[in-house]
Each structure stands twice: as C-alpha cells, then as structure tokens.
Amino acid sequence: MILELNEDQKMIRDSARDFAEKFVAPVARQLDVTQEFPVDLIKQAGEMGFMGVAIPEQYGGSDMDYVSYVLMMEEISRHCASTGVILSVNNSLVCDPLLKYGTEEQKQKYLKPLAMGEKIGCYGLTEANSGSDCASMKTVAKKDGEGWIVNGSKIFITNGTNADTFIVFTSTDASLGNRGITAFIIERDMPGVSVIPMHGKMGIRASGLSELVFEDVKLTDEHRLGDFNKGFKVAMTTLDAGRIGIAAQALGIAKGCIAESVKYSKERAQFGKTISNFQGIQFMLADMHARYDSARLVTLKAAFLKDSGKNYSLYSSKAKILAAETATFASNKAVQIHGGYGYIKEYDVERFFRDARITEIYEGTTEIQKLVVSSTLIGR
Ligand code: CAA
C-alpha cells in the first residue's frame, strides 16, 4: 500500500498552497463581510487550472486526478471555505457530469469553457420542498414537439448569482418518482430564466447563493444531459464525487483551525506561561489533529478509488461524514482555545466556526450519508 503523493500531486498541492496564501488569505475576511462573489479570484483560480482539475486537457481541464483535486480543495479551503465551495461545485457538480454524461458537442460547447474557468457552473437539484428527498422535485420539463418546456424553481444554489451554465434536474414523469427525472443544461441568458440572490447565510457567505426560477424555458433535445428519465442516476453519481470535494473543503477548514490554534496557543500567556504548556489545550490540539488525519485518509481513499475506476460511493459518504464532523469539532475547539478572542471577528476561527457548519448539511446531510453507508452494510 502506497501512502505517498506522487510528484504531480505534490506540485498541485504546493501551487494551490502558494496561491491560497498569496491571493485567497488576504481577501477571505473581507469576502465574508461583503458576501460578494470573488469574481477576479475565481478568474485567477481558473488560470491556475483549479476550475477543472480532473478534466482532460482536450476539454480544457488540467488532466490531473481526483487525489490532486482533494489536495487543491484542502489548500484553498484552509483559508477561505467560500472560495473552496465555488471551485468544488464547478469541478465536481458541473464539469464531472458533463464529462461523464455529455455528448461530444456538449463537452465542446459547455465543458471546455467551464473547465478553463472562462465560465462558471451551478447545480440545480434542491427545491423549497425537496431537499434530502430530492426525487420529490416539482420542477417540470414537458415535451413540446421535438423540444422541452421547463417550469419551476430551485433554491440554495451555490454559484447561482454568477453562473453561466446550470445543470438542472426536472421531473419528466411524476408517476415514476425517481425513475421519471431528466437532467438538462440550461443557460443563464435563455428567455424565462431568472436568478434571485439569497442573503443572510451563517457561513460561506461569498459563494453566490441564489434561487433559480424557470418560466416556460424552451429547450431543445441538445440540452438534455444523459438519457430521458435517467436523471436521478446523473444526480446521485454526481453527488458521489461532489461529496469528496466537500469532504476536502471540510478538511481545509479543520486544517486552518489547527494551524491557528497552535499559533495562538504559543502566543497567549496565562498563569505565567503560554497556554500551549497546559494539558487542557494540548489534549484539544491532539484530538483535533487525530480526527483530521483519519478523515483525510478516508477522503484520499475515496479519491483514490475514483481514480482507480472502482466504486467509491460508500467511501465518499464516509469521507463526508468524518471530514464534516471533524470541521465542526475542530472549529468548536479552535474557538474554545482562543477564548473570548475566538468569539469576535478579529480572529479567523470565528469565521471557520460558521463556515464549518454547512459541511454537515449540503450535498447530503450527515444523516443521509449514514443512510448510504448503513444501506450497504445491512441492505434495504
Ligand atoms: N449511484 C448510482 N445509482 C444510485 C445511487 C448512486 N450513488 N444512489 C441511488 N442510486 C439509484 C438506486 O440504485 C436506485 O436505482 P433503481 O431505481 O434502478 O433501483 C435509484 O437510484 C433510487 O435509489 P433510492 O431508492 O436509494 O432513492 P431515494 O429516493 O430513497 O434517495 C437518497 C436516496 C440517498 C436519500 C438520495 O435522495 C440523496 O442522496 N438525497 C440527498 C440529496 C442531496 O445530497 N442533495 C444535495 C443538493 S446539491 C448541493 O447541496 C450543492 C451545493 O449547494 C454545494
């Protein structure tokens, strides 16, 4: 068993770390305050090849593997989880299904500019009354001659405010439940499409959250992604990969919490010595790092299985459970170690604490991941 990164993987990790330190860290706090989508930063990330890490060069990507994608996501999210999720959605929830299910024409037209970072993508699955039970969606695509007419709306859409290309799931035969869902590619500038920004999030405040509304949006069959009525599998397999990205984002948050806590504990003096001398603090740091390391191994294993062409659904769910709970745990301890200073915006751990929380919710809650894991253990 080889647990060493190869040279390419080390290279992308180092370049992502360098990029994050130089360009992401200095603006992260401000992005959290303004809630503005980091347009220029994402353009720069695209130029670095971070918008389509595991997409082949012929489709505009960096032609690297999913382990590399995890490493990139971790380094960026260590400083800014908003930037992390923007990249994750573009890479795994948009580029991935276009590569897997798209026609050659769709790959040239949509995937290439997305993987190059010239365009931004979003993933429209969730609706106001259809979250964990995503198959109960009410957005409808009705056959209209050779084409389709879409009506409905999607909510909590990361990147929505700035996305050009949307992957949207629709009900094409409500009587068939999850076997009556079809995926489509919808463009922002199509007549009948509107984007309504959503504000007031607890964390990842710069990730362009929005509602997408579709009113008689006319599509041709060239916009269909994958087979008719097979969209649920497109959604699920896409989320399998997406969950690896969110696990990596959560690892980045935990890594930031550990780094900031180690630093602070060596600076802050109480009772005549720095607090790093107290076992109460040492035990917290040790617990944070032990959980981070174990979650990281499982996340890298999920990515490694994907790279090896093996089934990775179980491991991506396990990775998301462990990494998200680690981010929550580590950010809670980081605030505790910082004491009163951890509770104010002057220190990054206050932001990390708020950012961590969503990793247990989006792309399938921790409870949904536990259902996926347990159903492979006991069957259903
Ligand atoms: N890969 C391939 N096929 C899969 C699959 C997978 N990972 N998971 C399920 N399927 C297949 C099943 O095999 C089954 O196939 P058949 O009909 O041929 O038997 C079919 O799909 C239906 O499966 P289930 O009966 O298990 O479906 P379900 O309706 O009970 O749902 C679920 C299962 C796991 C709860 C699923 O609905 C789910 O994952 N829900 C969570 C939704 C979610 O993650 N939303 C995130 C929104 S996106 C987001 O958050 C983006 C963002 O902002 C960053």
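Take the sequence shown: its position 328, counted from the start at 1, is 354 in the working numbering, and no numbers get skipped. The beta carbon of each residue, even a glycine, is placed where N, CA and C say it ideally should be. If you're wondering where the values come from, they're calculated on a predicted model, not measured in any experiment.
Of the listed residues the options, nearest to residue i (C-alpha basis)
i    : options                : result
P123 : Q275, I81, H315, E153  : I81
F378 : M216, Q84, G87, R104   : R104
L119 : L57, V65, A209, Q362   : A209
K227 : S220, V221, V219, S236 : S236
G178 : D199, V219, G147, C160 : V219
A46  : V59, S108, G86, I28    : S108
V324 : E286, R269, D66, E73   : R269
Y318 : T165, N303, V176, Q275 : Q275
Y388 : K48, A51, S88, F182    : F182
S197 : A154, A316, K168       : K168
V166 : D159, Y149, S158, F240 : F240
N204 : I38, L245, G229, M262  : M262
F254 : Y127, E351, E131, Q70  : Y127
K244 : V176, A280, Q296       : V176
I230 : N303, T264, Y95, T60   : T60
Y95  : K180, D40, K281        : D40
V221 : L31, K281, D190        : D190
L14  : D159, G298, N303       : The question about residue 14 has no answer here: the residues shown for the chain are numbered 27 through 406.
K135 : V79, T352, Q84         : Q84
G390 : G282, T264, N32, T352  : T264
C-beta atoms of residue i and residue j nearer than 8 Å
i    : j    : result
G409 : I207 : Past the boundaries of the shown model lies residue 409; the chain is included only from 27 to 406, so the question cannot be answered.
I68  : I102 : no
M99  : G278 : yes
G385 : I347 : Checking the displayed sequence, the identity of residue 385 turns out to be Thr instead of Gly. Contact flag unset, no.
D266 : S339 : yes
L151 : F192 : no
F480 : M163 : Limits of the chain in this structure are 27 at one end and 406 at the other, which puts residue 480 out of reach.
G86  : L125 : no
N117 : G271 : yes
V375 : G368 : yes
S349 : A321 : In the sequence as presented, Ser is not what sits at residue 349; that position holds Ala. A contact, by the Cβ cut-off of 8 Å.
G147 : N188 : no
V115 : Q35  : no
A273 : P64  : no
D28  : L97  : The displayed chain sequence assigns Ile, not Asp, to residue 28. No, the pair does not count as a contact, with Cβ atoms beyond the cut-off.
E130 : E248 : no
V50  : C106 : yes
G72  : S88  : no
R383 : T402 : no
Residue i CB to nearest heavy atom of ligand 2 below 7 Å
i    : result
Y338 : Absence of ligand 2 from the depicted structure is noted, with ligand 1 being the only ligands included.
Cβ-based burial, residue i [other Cβ within 10 Å; buried from 16]
i    : result
D215 : exposed
G335 : exposed
M77  : buried
S342 : buried
D381 : buried
K133 : buried
S400 : exposed
M314 : buried
K180 : buried
T246 : exposed
P139 : buried
A280 : buried
G282 : buried
Same chain, Cβ closer than 8 Å to residue i, neighbours up to 5 away in sequence not counted
i    : result
T300 : S291, K292, E293, R294
I284 : L311, M314, H315, Y318, A356, A360
Y373 : E286, Y290, H364, Y367
K259 : G252
N337 : L331
D66  : none
Beta-carbon contacts of residue i that lie in its chain and below 6 Å, excluding the five residues immediately before and after
i    : result
Q395 : S343, K346, I347
R43  : E101
S156 : S162, M163
S302 : S291, K292
P217 : none
Close-in-space but distant-in-sequence residues of the same chain around residue i (CB under 7 Å, 5 per side omitted)
i    : result
I370 : E376
D333 : D91, Y92, V93
E62  : A232
Q70  : F49
At least three beta-carbon pairs within less than 8 Å, the segment 133 to 144 to the segment 164 to 180: Verdict: no, contact absent.
At least three beta-carbon pairs within less than 8 Å, the segment 280 to 298 to the segment 327 to 337: At 8 Å Cβ cutoff, the stretches do not touch.
Validate contact between the segment 47 to 58 and the segment 300 to 309 using beta carbons, cut 8 Å, 3 pairs: The answer is no - the segment 300 to 309 does not touch the segment 47 to 58, with fewer than three Cβ pairs under 8 Å.
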